[in-house]
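Worksheet: the structure to be examined is printed underneath.
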Amino acid sequence: MRFDSLAVRVASSIPLSVAAALALPGCSRESTPPAASSQATSADPQPGATEPASQAAAPPPVDPARPETKWIGTIPYDVFFDQPLRVAANAAPVAGGIAPLTADVAPGPDAAVPPVTSVAPPIEPSAPVDAAPEDGDGAVDWGQIAAMAVIVDEVKQARVRLEKNLQKVADFNKNVAAIARDGAVLAALSWIAAEHPEDVNWKSKAGSLRDLSYEIYMKAEGSGSRPFNATKTPFETLKGLLDGESPASEAPTGVTLAEVADRGALMARVDESYNSLKANVNTPARLKEESARAVHELAVMSLLMQAMGDESYDRADDPRYGEFIKRMVSQQQQASAAAEGDRFEDFSSLLSQMNLTCNECHQMFRTGSE
């Protein structure tokens, strides 16, 4: 089956370069989606709250909920360097990136010229975690990747996002890529839930939820009332199933992950989490404040990364591809342990290691440099 969604789906930029690389052939919009019922329910949107900006003359406020972080208006103070020009001048360039801009001026006779040094090696985190454990028949033990509670929580969050983005045609038009991405993620999580050793009240309906999610992904394309209605209909049915309704018919069995969960869309979700953690959990104080969110995002990343290692995806039978998947899942799980243990240096180092692992995989499987 052909892959066509990376350029369309992951048009929002990716500093990690993640989605572009692992976007190998998965499911295509031209595929025939599994049959799904379309019984609508309704839900009220929850308007977002706004927060007034602080005045320039006011002293930096402190969020009572985050007493350890100093704020300038709504921006955390710790995102600013104390001496930005010196930091820029002394920064070591990241491999494949742009070298820091420095003035091309010869040093004076008394100026000390710093020696050229290499980038410090990453910190080795303690207690590495074995990734992708398998049971006796070679199947993935999903319970060791993440708890069912992680799946349930992410399904709820995806439902809230879809509810917001499917209120009106204008909302759909502005968020069509995010809607499709959530559809693919829900399809993958529903598939995983059916295989997970733990239980959830909608587990018996996971197949129907999987197919409805895939239909959301397939229909979320273009703009206007026609694709809006075509996408909203399966979403309303999906909400009904999550709220206790029964499916109109039994879902087909034997459906593979690659048939319902586009790999490029899953990678876009992984990249979104990575970028958020890298940008926002960037000091020991912020890790302490955001520990629970970091652990959740890393668990979702592990689930989706392990899903992309499923044998139904193109190139998944290549042992080198499998090793990249195992390495990424292990790094994500170690980063989660570091976040829980309040070990910021390990946490930050592991995020950087994830980026390097992605770049290596991209170089081999995206560019064909084998």
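Residues 557 to 926 (the working numbering) are what the sequence shown spells out, left to right.
All C-beta atoms in this analysis are idealised placements derived from N, C-alpha and C, irrespective of residue type, glycine included.
Euclidean distance between Cα positions of residue i and residue j
{"i": "K882", "j": "A817", "result": "19 Å"}
{"i": "V650", "j": "V885", "result": "Bear in mind that a pLDDT of 45 at V650, under 50, signals an unreliable position, so the number given afterwards is only what the model happens to contain. Distance between the alpha carbons of V650 and V885 is about 23 Å."}
{"i": "Q919", "j": "T913", "result": "10 Å"}
{"i": "A599", "j": "A726", "result": "Residue confidence is low: A599 scores 41 on pLDDT, short of 50, so the model does not pin down where it sits. No coordinate-derived value is stated."}
{"i": "A807", "j": "I748", "result": "15 Å"}
{"i": "Q723", "j": "S892", "result": "35 Å"}
{"i": "Q862", "j": "D709", "result": "18 Å"}
{"i": "V696", "j": "G810", "result": "16 Å"}
{"i": "L835", "j": "Q890", "result": "Note that residue 835 is Ala in the sequence shown here, rather than Leu. If you take the alpha carbons of A835 and Q890, they lie about 19 Å apart."}
{"i": "M779", "j": "D873", "result": "According to the sequence displayed, residue 779 carries Ser and not Met. When rounded, the distance between both Cα atoms is 37 Å."}
{"i": "S802", "j": "T839", "result": "47 Å"}
{"i": "P783", "j": "N729", "result": "9 Å"}
{"i": "R715", "j": "Q909", "result": "31 Å"}
{"i": "W698", "j": "L860", "result": "11 Å"}
Contact set for residue i: own chain, Cβ-Cβ below 7 Å, skip 5 residues either direction
{"i": "W758", "result": "L765, L797, L798"}
{"i": "N731", "result": "N721"}
{"i": "R737", "result": "R565, A821, A824, R825"}
{"i": "L794", "result": "L765, L768, S769"}
{"i": "L833", "result": "A850, E853, L907"}
{"i": "A786", "result": "K775"}
{"i": "S781", "result": "V725"}
{"i": "V756", "result": "M704, V708, A749"}
{"i": "Q713", "result": "none"}
Residue i, enclosing alpha helix (DSSP H) - first and last residue
{"i": "V732", "result": "732-751"}
{"i": "E771", "result": "762-775"}
{"i": "P808", "result": "Segment: none, P808 is in no alpha helix (DSSP H) and carries neither H nor E."}
{"i": "Y830", "result": "819-836"}
{"i": "K720", "result": "704-721"}
{"i": "K844", "result": "840-864"}
{"i": "F921", "result": "Premise fails: F921 is in no alpha helix (DSSP H) and is neither H nor E."}
{"i": "N915", "result": "900-917"}
Residues of its chain near residue i, where Cβ-Cβ distance is below 6 Å and the 5 sequence neighbours each way are ignored
{"i": "Q888", "result": "L854, M857, S858"}
{"i": "P608", "result": "Confidence in P608 is poor, its pLDDT being 42 and thus under 50, which makes the residue's placement too unreliable to answer from."}
{"i": "S847", "result": "A895"}
Sub-8 Å separation of residue i and residue j beta-carbons
{"i": "L822", "j": "V711", "result": "no"}
{"i": "N718", "j": "F791", "result": "It should be noted that the sequence gives Leu, not Asn, for residue 718. Yes. Within cutoff."}
{"i": "G763", "j": "A750", "result": "yes"}
{"i": "G800", "j": "Y770", "result": "no"}
{"i": "M864", "j": "R819", "result": "yes"}
{"i": "T812", "j": "S868", "result": "yes"}
{"i": "I772", "j": "I735", "result": "yes"}
{"i": "A703", "j": "E777", "result": "no"}
{"i": "D866", "j": "A804", "result": "no"}
{"i": "F880", "j": "E916", "result": "yes"}
Per-residue DSSP class, three states only, for residue i
{"i": "V696", "result": "strand"}
{"i": "G796", "result": "helix"}
{"i": "G878", "result": "helix"}
{"i": "A814", "result": "helix"}
{"i": "P756", "result": "Checking the sequence shown, residue 756 turns out to be Val, not Pro. Of the three classes helix, strand and coil, the one that applies to V756 here is coil, per DSSP."}
{"i": "R871", "result": "coil"}
{"i": "S779", "result": "coil"}
{"i": "K886", "result": "Note that residue 886 is Ser in the sequence shown, not Lys. Here S886 sits in helix by DSSP."}
{"i": "K788", "result": "helix"}
{"i": "S802", "result": "coil"}
Residue-chain proximity (residue i, chain B), Cβ-Cβ < 8 Å
{"i": "R876", "result": "Looking at the structure shown, chain B is missing, and only one protein chain is on hand."}
Distance cut-off 7 Å: residue i Cβ against heavy atoms of the ligand HEM
{"i": "L742", "result": "Among the components of this structure there are no ligands whatsoever, and the ligand HEM is therefore not found."}
Beta-carbon contacts of residue i that lie in its chain and below 8 Å, excluding the five residues immediately before and after
{"i": "L843", "result": "V837, A850, A895, D898, F900, F903"}
{"i": "P875", "result": "none"}
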